[in-house]
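Notes for the one structure printed next.
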Amino acid sequence: RRTGADNRRNFSGKHKAHGLLFLALTDEKGNLIWISSARPGRSSEITTARHDKLTAHLRETGLGALADLG
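The numbering of the sequence shown is the working numbering, which starts it at 210 and goes up by one.
Right, here's the structure in full:
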């Protein structure tokens, strides 16, 4: 069943499903430090990180990050 034009921006081609994208930062113990606002599922993680200026915020606070390759 097609979901209509309004929901197409939430379709992830990578996962072949509709959904939303969130980025989350945790400490080494898994405690949540920060979570992004919801973005359309078709957004990439790097685009979301750039939109939220995530690397600039990490540099300002002297923190680093580890990320997966997608």
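Think of the CB as a built atom: it goes at the ideal place given N, C-alpha and C, for glycine as much as any other residue.
Under a 10 Å Cβ-count criterion, residue 250 is classified as buried, with 16 or more other Cβ atoms of the shown protein chains found around its own Cβ. Boundaries of the beta strand (DSSP E) around residue 241: 241 to 244.
Leaving aside the five residues that flank residue 229 on each side, the residues in its chain whose CB is nearer than 6 Å to its CB run, in chain order, 247, 250. The three-state secondary structure of residue 263, taken from DSSP, is helix. Residue 234: member of the beta strand (DSSP E) spanning 233 to 235, first to last residue. Here the alpha carbon of residue 227 sits roughly 14 Å from the alpha carbon of residue 253.
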